[in-house]
Every structure is written in structure tokens, then in C-alpha cells.
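Q: First the structure, which I've put down as C-alpha cells, then a few questions once you've had a look.
Numbering (UniProt numbering), first residue to last: 1 to 267.
Next up, the structure:
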């Protein structure tokens with residue numbers, strides 16, 4: 001069986017309990033890494049209502065905004081009533097154009113908030129990668145003009161990755177593991193509980209997923225990320241049996257992963 005990103009939901013009461021007159025800001029991430037969940041309009045409205053009620057800023061990490069799969073929609077929380085003036089939206093050239101090594105991104109928001117980011121930027125970085133900024137600007141201008149057409153990179157990349165996502169999910173299920181099908185982004189959580197892999201001989205001070213990943217790299221020659229690396233103390237336990245795989249890979253790499261997973265129980 002498999003889950004998808006939408007199966008993870010915010011608990012309204014728990015979320016509300018985190019807000020008070022002392023709450024200065026909330027950070028959200030949609031599409032989410034590592035789960036691949038996209039907050040729907042009702043969920044975003046719930047967050048927005050709390051931000052407005054408690055006069056709280058919202059930092060919205062939307063770096064995977066174009067990697068949205070069929071049947072799903074990305075909504076910017078800044079577009080909801082009352083949220084523009086209290087939201088900074090974060091974007092990424094690396095994620096948008098698959099050039100993560102460029103380390104180039106942007107923030108969008110009202111002048112009274114952005115001016116403070118400009119102060120930090122001016123006093124943190126010595127210079128800007130102007131040629132890369134110009135290249136990204138040209139790319140954005142071109143793709144906005146091509147929006148909705150096959151040549152638009154925004155839509156063509158998501159379409160290509162959807163096939164890779166579905167292929168990866170099938171391979172994982174055939175190997176006896178349970179994938180979490182992402183609604184967006186290019187990572188997939190995998191529940192390895194059913195494998196019941198005994199790792200008692202490894203370091204007891206490490207979480208199970210850390211030990212599993214190290215074991216898998218050594219014994220299976222397949223790499224992944226332990227999901228508890230993304231967790232706080234309160235949520236680590238429920239993710240100890242999950243690993244994160246990346247499927248934005250060449251087909252040859254996915255072919256190699258498939259060979260490993262198909263003979264998983266034969267090694």
C-alpha cells in the first residue's frame with residue numbers, strides 16, 4: 001500500500017496552540033520537503049486566520065512551486081485576503097531551473113518587510129552573482145511568455161518528473177516497501193517498516209533511519225537521506241522508519257536503482 005502527501009495534515013487545535021500575542025512569525029513550506037505535501041486552500045486559510053488574529057508574519061518557502069503534479073494546485077498564501085502585507089515568499093532559481101549549484105533565490109513581499117531583508121543582504125554578502133541573476137531573469141521572462149505551452153520549462157519538468165515519480169513508487173512497492181506519493185517536489189518518503197531489518201549490531205545512539213541508511217549504502221549500494229534529519233525532538237519517533245529518496249535523476253541512474261531494488265532480498 002502507499003500514502004500520499006495529503007495524508008499528512010495539520011491539527012487545527014495543535015496549530016492554534018502554538019500562537020499567542022508573543023508569536024512573531026511562522027515558517028511554512030509548500031510544496032513540502034521532505035513529504036511532498038501541498039497545503040490546500042483550507043489549510044492555508046487556517047494558517048492565515050491565525051497570522052491575522054495574532055499579527056504574525058509568515059515566511060512562505062515555496063521553492064518547489066512549479067513542481068506540481070496532476071490533480072494538485074499550488075496556492076500562494078500571500079494571495080489570501082490580509083496576507084500580502086505580512087508575508088515574505090521565498091523562491092529558488094536552483095529548484096525552478098534545476099541549477100541548485102547556483103545557490104540563487106529571491107524573496108517577494110511588501111516594501112516595509114523587504115527593506116529589512118535588503119539591509120541583511122547588503123551586510124552579509126560582499127557581491128551578487130550578476131551574470132547568473134541575468135540568466136535567471138531571461139529564463140523567467142521566456143517561460144512566463146510560454147506559460148501553458150509544451151516548451152515552458154515550468155510545466156515540462158513537472159510532466160517529466162511525474163513519470164519518474166510513478167516509476168519509483170512502483171519499484172519501491174515491488175521491493176516490499178511503502179512509498180509516500182508526493183503531490184509536488186522531487187523527493188519521495190519510503191516507509192521501510194515492513195522490511196523488519198535487524199540493525200541491533202549498529203550504534204544504539206543513532207536513530208533507526210540513520211542506521212538503516214548507512215547499512216543500505218554499505219550492503220545495497222543505494223543512498224538515501226534519513227528523515228529524522230528534518231525532524232524536531234517531538235516528531236522524530238514517528239519518522240524513524242522512513243527514508244527519503246530523490247527521483248530527479250537520469251534514467252540510467254533510475255535503472256541502476258531499479259536493479260538494486262528488484263534483487264533486494266537476494267543479496
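For glycine and all other residues, C-beta sits at the position ideal for the given N, C-alpha and C.
My output table needs one value for residue 242: the three-state DSSP class, helix, strand or coil.
A: If DSSP states are grouped into helix, strand and coil, residue 242 belongs with the strands.
Q: Could you give the first and the last residue of the continuous alpha helix (DSSP H) run that contains residue 123?
A: Its alpha helix (DSSP H) spans residues 111-124.
Q: Using only the alpha-carbon positions, how far apart do residue 32 and residue 157 sit?
A: Whole-angstrom Cα-Cα distance: 18 Å.
Q: Would you mind sorting residue 8 into buried or exposed? The rule is 16 or more other CB atoms within 10 Å of its CB.
A: That one is exposed.
Q: My output table needs one value for residue 267: the three-state DSSP class, helix, strand or coil.
A: A caution first: residue 267 carries a pLDDT of 46, below 50, which makes its placement in the model too unreliable to give a value.
Q: Tell me which same chain residues have a C-beta within less than 8 Å of the C-beta of residue 25, skipping the five on either side of it?
A: So the list reads 56, 57, 58, 59, once near-sequence residues are dropped.
Q: Whose C-beta lies closer than 6 Å to the C-beta of residue 143 among residues of the same chain, with five residues either side of it excluded?
A: Here the set comprises 152, 153, 154.
Q: So, at 8 Å on beta carbons, what are the nonlocal neighbours of residue 97 in its own chain, with the 5 sequence-adjacent residues on each side left out?
A: Cβ within range, chain order: 136, 139, 153.
Q: I'd like to check one pair, residue 189 with residue 36: are the Cβ atoms closer than 9 Å?
A: Going by C-beta atoms, residue 36 is nearer than 9 Å to residue 189.
Q: Between which two residues does the alpha helix (DSSP H) carrying residue 139 extend?
A: First-last of the alpha helix (DSSP H) with residue 139: 130-145.
Q: Would the beta-carbon of residue 212 fall within 9 Å of that of residue 171?
A: Result no, Cβ atoms of residue 212 and residue 171 do not sit closer than 9 Å.
Q: Name the residue from 146, 82, 3 whose alpha carbon lies nearest to the alpha carbon of residue 52.
A: Per the Cα distances, 82.
Q: Pull up the distance between the alpha-carbon of residue 267 and that of residue 94, whole angstroms please.
A: Bear in mind that the predicted position of residue 267 carries a pLDDT of just 46, short of 50, making it unreliable; the figure below should be weighed with that in mind. Going by the C-alpha atoms only, they are around 37 Å apart.
Q: Kindly say whether residue 117, judged by its beta-carbon, lies nearer than 9 Å to any beta-carbon of chain D.
A: Chain labels in this structure do not include chain D; a single protein chain is all it has.
Q: Let me know the secondary structure DSSP gives residue 215 once reduced to three states.
A: Note: residue 215 maps to helix in three-state DSSP.
Q: Tell me which residues share the same chain as residue 109 and place their Cβ nearer than 7 Å to its Cβ, disregarding the 5 neighbours each side in the sequence.
A: The answer, listed in chain order, is 87, 88, 89.
Q: Given a threshold of 16 other Cβ atoms within 10 Å of its Cβ, counted over all protein chains shown, does residue 165 qualify as buried or as exposed?
A: So residue 165 counts as buried.
Q: Where are the beta strand (DSSP E) runs, 3 residues long or more, that stay fully inside the segment 17-43, in chain order?
A: If we require 3 residues or more, the beta strand (DSSP E) runs fully inside the segment 17-43 come out as 25-29.
Q: DSSP state of residue 92, grouped into three classes?
A: Of the three classes helix, strand and coil, the one that applies to residue 92 here is strand, per DSSP.
Q: Going along the chain, which residues of its own chain have a beta-carbon closer than 8 Å to the beta-carbon of residue 91, five neighbours each way excluded?
A: Same-chain partners within the cutoff: 62, 63, 65, 105, 106, 107, 108.
Q: Output needed for residue 133: all residues of its chain with C-beta closer than 8 Å, excluding positions within five of it in sequence on either side, in chain order.
A: 104, listed in sequence order.
Q: Look at residue 206 and residue 6 and say whether their C-beta atoms are less than 9 Å apart.
A: Against a cut-off of 9 Å, the Cβ pair of residue 6 and residue 206 comes out as no contact.
Q: By Cβ distance, which residues of its chain are closer than 6 Å to residue 232, with the 5 residues on each side in sequence left out?
A: Here the set comprises nothing.
Q: Leaving out the 5 sequence neighbours to the left and right, which residues in its chain are closer than 6 Å to residue 30 when beta-carbon positions are compared?
A: So the qualifying residues of the chain are 38, 39.
Q: Measure how close the beta-carbons of residue 80 and residue 44 come, nearest whole angstrom, since I'm counting them as under 8 Å.
A: With a Cβ gap of about 6 Å, residue 80 and residue 44 count as contacting.
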